[in-house]
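What follows is one structure encoded as structure tokens, with my remarks underneath.
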Amino acid sequence: ETGVTQSPTHLIKTRGQQVTLRCSSQSGHNTVSWYQQALGQGPQFIFQYYREEENGRGNFPPRFSGLQFPNYSSELNVNALELDDSALYLCASSFGLAYSTDTQYFGPGTRLTVL
Amino acid sequence: QQQVKQSPQSLIVQKGGISIINCAYENTAFDYFPWYQQFPGKGPALLIAIRPDVSEKKEGRFTISFNKSAKQFSLHIMDSQPGDSATYFCAASRGNTPLVFGKGTRLSVIA
Chain A
1 ETGVTQSPTH LIKTRGQQVT LRCSSQSGHN TVSWYQQALG QGPQFIFQYY
51 REEENGRGNF PPRFSGLQFP NYSSELNVNA LELDDSALYL CASSFGLAYS
101 TDTQYFGPGT RLTVL
Chain B
1001 QQQVKQSPQS LIVQKGGISI INCAYENTAF DYFPWYQQFP GKGPALLIAI
1051 RPDVSEKKEG RFTISFNKSA KQFSLHIMDS QPGDSATYFC AASRGNTPLV
1101 FGKGTRLSVI A
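Here the protein sequences line up with chains A and B, keeping their order. Residue numbers for the first sequence, in our numbering: 1 to 115. Residue numbers for the second sequence, in our numbering: 1001 to 1111.
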């Protein structure tokens, strides 16, 4: 086990609604990254938070937002849900910022279905 | 534009055989090439990684081969076991840039 937990495990929402997904990082990990994994695809980077500040963002619209808290927990918020938002959402925590030197530890993900 | 192309999409291998998964990348600035293993209901887990200053890295039954001139790298699983059945993702990054993942290969090892 990676020590990274996510909640809820599964979630069903309807188009236009808002959703909040939660992640609890490994203790001591200052960085959390969120990914979207569509069915049959690899994870796609949404954004990264380092010490409670957004530190990088992928090609996702502003209705995807996040928060990171001092207690190593974080949230991914998605407003105005669209059908294409249906996916597995993964968070990954790491000690530092560099993807090439700081191993990312992934949680099990939250499966979001938008109807 | 897909920066990391992975093949095959799915693979069936006999127990004890060799599983080979290939990836090709476009960005010559990439300097870190990890492979992740994902079981159903779990998040991806780092399996093995390589940097472009070496052509091969071996950890147990898992080997990465890297061809810098061809911009390709591959994962070899020797003596494949049913417990290796999972989805494998290659990825690439440089420094502080996020990982770019391939689309994944679903490996089934049959007895």
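Note that CB positions come from ideal geometry on N, CA and C, so glycine has one too.
With respect to the 8 angstroms criterion, Tyr72 of chain A and Ser27 of chain A are classified as neighbours on the basis of their beta carbons. Contact between the stretch 15-26 of chain A and the stretch 1002-1016 of chain B is absent, with fewer than three C-beta pairs closer than 8 angstroms.
If the five residues before and after Ala1049 of chain B are omitted, its C-beta is found closer than 6 angstroms to the C-beta atoms of Pro1034, all from its own chain and listed in chain order. Under the DSSP assignment, Tyr1032 of chain B falls outside any beta strand (DSSP E); it carries neither an H nor an E label.
Judged by DSSP in its simplified three-state form, Leu21 of chain A adopts strand. Between Leu112 of chain A and Ala1070 of chain B, the alpha-carbon positions lie close to 38 angstroms from each other. Secondary structure of Leu81 of chain A (DSSP, three-state): coil.
Interface flag for Ala1111 of chain B against chain A is unset, since no Cβ pair is found closer than 8 angstroms. Among the residues facing chain A, Phe1101 of chain B is included, as its CB has a counterpart in that chain under 8 angstroms away. A contact between stretches requires three or more CB pairs, one per stretch, nearer than 8 angstroms, and the stretch 1013-1027 of chain B fails this requirement with the stretch 45-65 of chain A. Pairing Val1054 of chain B with Ser1085 of chain B gives a Cβ-Cβ distance that is not under 8 angstroms.
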